[in-house]
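Below is one structure; the comments refer to it alone.
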Amino acid sequence: MGGLCEGVLLAAGSSRRHGENNKLLADLGGQPMIRRIAATMLASDLDQVTVILGHEADQVTTALDGLDCRHVLNPDYRQGQSASVKTGLDHLDDETASMMVVLGDMPLIDPGVINALIRHHRLATDPAGSITFPEIGGRRGNPVIWGERLFPALKGITGDQGGRPLFQTRPEALNPLPLDDQSLLLDADTDEDLAIIRHHFHEKSRN
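When the count follows the working numbering, it moves up by one through the sequence shown with no breaks and lands on 220 for the last residue.
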């Protein structure tokens, strides 16, 4: 029902704020962070998982060894997040009706949240023209699902901002799902952020 929903995992960035260390390869509970996120996506109701590679592509590929996801290299990854989103769009299956964009530095997402977002998107009045996202205390979180009619507009965005401009220019498309999960606001932009994520991960593991 509702057509295929593909997951696109953005794993091409250069982690400039982490110095020489690639944050996507940081250890989290005995696994590289990027592997943990990819495994979460594969455990969800997503119909296909594609990982967009760029910086240190060989190392990231090794971290994903054995997982049933498709790997696509973005040769223009230095142009920012929008270039990786376009690469994902260019490799969607023909039957795909929506695309979930997952950031490679948000490892606390669980399959239940992904599935809830997919259900909410498919129940929208106009799924093809909808932008579905989690909303936590009035704040927009990630991941985000884009309906197929938004794909051309996504391809027109430039720089390191993903689809953010469309939240302002397409207010009629917004389809928020209220959730009480602060982890959907956490990403590993800095070493301090990564320490917070590790703390939350260990707290979740105890429960």
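Here a beta-carbon is modelled for each residue, glycine too, at the ideal position from N, C-alpha and C. Every value quoted in this text rests on a predicted model; they were computed, and no experiment measured them.
Here the alpha carbons of PRO147 and ASN128 stand approximately 12 Å from one another. With fewer than three CB-CB distances shorter than 8 Å, the region 65 to 85 does not count as touching the region 151 to 164.
Counting other Cβ atoms within 10 Å of its Cβ, PRO88 stays below 16 and is therefore classed as exposed. Counting along the chain, ARG135 sits inside the alpha helix (DSSP H) bounded by residues 124 to 135. ILE149 sits in a strand when the DSSP states are folded into three classes.
GLY125 and MET46 have their C-alpha atoms roughly 19 Å apart. A residue is called buried once 16 or more other Cβ atoms fall within 10 Å of its Cβ, and GLU205, having fewer, is exposed. For the 8 Å CB-CB criterion, LEU23 and ILE65 form a contact. About 6 Å separates the CB atoms of HIS68 and GLY26; that is less than 8 Å, so the two are in contact. DSSP places GLY160 in the uninterrupted beta strand (DSSP E) bounded by 157 to 160. Between GLY176 and LEU187, the C-beta gap is not smaller than 8 Å, which leaves the two residues out of contact.
Counting only runs that start and end inside the region 41 to 93, the beta strand (DSSP E) elements of at least 3 residues fall at 61 to 66, 83 to 86.
The closest CA to that of CYS18, considering only ASP106, GLY142, VAL73, ASP118, is found on ASP106. In this structure VAL157 is not in contact with VAL21, their Cβ atoms being roughly 10 Å apart against a cut-off of 8 Å. DSSP lists no bridge partner for ILE170. Taking the Cβ atoms as the reference, ILE149 lies roughly 6 Å from GLN195, within the contact range of under 8 Å.
Within the DSSP bridge table, the entry for ILE210 names no partner. DSSP, read as helix, strand or coil, puts PRO120 in coil. With a beta-carbon spacing of about 17 Å, GLN94 and GLN181 fall beyond the 8 Å limit used to define contacts.
A direct Cα-Cα distance of roughly 8 Å separates LEU38 from ARG48. For PRO178, the uninterrupted alpha helix (DSSP H) run begins and ends at 177 to 182, by DSSP. DSSP places ASN35 in no beta strand (DSSP E); its state is neither H nor E.
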